[in-house]
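K.L.:
Read in order, the letters of the sequence shown correspond to residues 12 to 209 in our numbering.
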Amino acid sequence: MPEFDRFTLAVVDDIRDREQASDGHSRYGAYLTQHADDFHEDGAPLRPVDFAAVAWSVATAPVMAPGYVAVRPDVQPLTVHRDYEGRAVLDARVGLRHQDLARRPESRLRALDWERDPWGRHDDEWPVLVGPELTDRPAVLVAATLLVPVPDNILLRPTAARPGRTLTHEAKHVVAALAAHANSALAPLVDDLFGGAR
Numbered sequence: 012m013p014e015f016d017r018f019t020l021a022v023v024d025d026i027r028d029r030e031q032a033s034d035g036h037s038r039y040g041a042y043l044t045q046h047a048d049d050f051h052e053d054g055a056p057l058r059p060v061d062f063a064a065v066a067w068s069v070a071t072a073p074v075m076a077p078g079y080v081a082v083r084p085d086v087q088p089l090t091v092h093r094d095y096e097g098r099a100v101l102d103a104r105v106g107l108r109h110q111d112l113a114r115r116p117e118s119r120l121r122a123l124d125w126e127r128d129p130w131g132r133h134d135d136e137w138p139v140l141v142g143p144e145l146t147d148r149p150a151v152l153v154a155a156t157l158l159v160p161v162p163d164n165i166l167l168r169p170t171a172a173r174p175g176r177t178l179t180h181e182a183k184h185v186v187a188a189l190a191a192h193a194n195s196a197l198a199p200l201v202d203d204l205f206g207g208a209r
């Protein structure tokens, strides 16, 4: 399991990628081959923003499980997409329990809250939260969506439109840059949500 901390949301694992590769080179590369049709538009390479989004999508769960990029369990999902102006954006969702809020739901409501995933990994530090089974009480499930722009200089224009070693190398490069950006620009925002208490 990757090591996460307050300022590490995404971890790239090249060692496991090579060790678990059916082709002896890259397990991620094999997944890229399975999603070959996603990496071109009419035979031409994708634009840098779209390439980043597809490369990230394939590198993370649920497409690749375990992923080439592991995402901290309490920040799910962490995706990359193109905004309405055509720029790349990191998009993360974080569940917030009532105790994390400055103003909590009134006690007379006794609303249910997020619960730990009983079937998921039991991690005290980065718990996976799921909605409760509703009984006779309402639930107030609060989640924050954090959006962080991705600088153009970490994107790249792919030179290949078909999977192979070149596309794998380029996809790994952009995915590593996106993970580093998530850790430097997004992790502090997540940490601020919890007041550095996690």
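Ideal Cβ placement from N, Cα and C applies to all residues, glycine included.
Does DSSP put A155 in a helix, in a strand, or in coil?
P.N.:
Three-state DSSP puts A155 in a strand.
K.L.:
Excluding the 5 residues flanking R106 on each side, which residues of the same chain have their C-beta closer than 6 angstroms to its C-beta?
P.N.:
Checking the sequence, you will find Gly at residue 106 rather than Arg. The answer, listed in chain order, is W125, L140, A154.
K.L.:
Starting from G40, follow the alpha helix (DSSP H) in both directions and report where the run begins and ends.
P.N.:
Run containing G40: 38 to 45, per the alpha helix (DSSP H) assignment.
K.L.:
I'd like the span of the alpha helix (DSSP H) that includes P88, first residue to last.
P.N.:
Run containing P88: none in the alpha helix (DSSP H); it sits in the beta strand (DSSP E), 86 to 93.
K.L.:
Select from R127, V65, V23 the residue whose C-alpha is nearest the C-alpha of L43.
P.N.:
Measuring from the Cα of L43, the nearest candidate turns out to be V65.
K.L.:
Following the continuous alpha helix (DSSP H) through L189, name the residue where it begins and the one where it ends.
P.N.:
176 to 192 is the extent of the alpha helix (DSSP H) around L189.
K.L.:
Return the bridge partner residues of D16 from the DSSP annotation.
P.N.:
T19, per the DSSP bridge assignment.
K.L.:
Would you mind working out which of H184, D28, L123, A171 sits nearest W67, comparing C-alpha positions?
P.N.:
Answer by Cα proximity: H184.
K.L.:
Beta-carbon within less than 6 angstroms of D28's beta-carbon, same chain only, minus the 5 sequence neighbours each way: which residues are those?
P.N.:
Taken in chain order, the residues that qualify are S37, R38, Y39, Y79.
K.L.:
Just how far apart, CA to CA, sit A193 and A21?
P.N.:
Taking the straight line from one Cα to the other gives about 7 angstroms.
K.L.:
From G54 to R173, what distance separates their C-alpha atoms?
P.N.:
Going by the C-alpha atoms only, they are around 8 angstroms apart.
K.L.:
Identify the residues that DSSP records as bridge partners of V82: which are they?
P.N.:
For V82, which the question treats as bridged, DSSP gives the partners A21.
K.L.:
Please report the distance separating the alpha-carbon of D202 from that of E52.
P.N.:
D202 and E52: Cα-Cα distance of roughly 38 angstroms.
K.L.:
Determine the DSSP secondary structure at A55, reduced to helix, strand or coil.
P.N.:
Looking at A55 - three-state DSSP - the assignment turns out to be strand.
K.L.:
Which term fits E136, buried or exposed, when burial requires 16 or more other beta carbons within 10 angstroms of its beta carbon?
P.N.:
Exposed.
K.L.:
At the level of alpha carbons, what is the spacing between D48 and Q110?
P.N.:
Rounded to whole angstroms, D48 to Q110 spans 45 angstroms at the Cα level.
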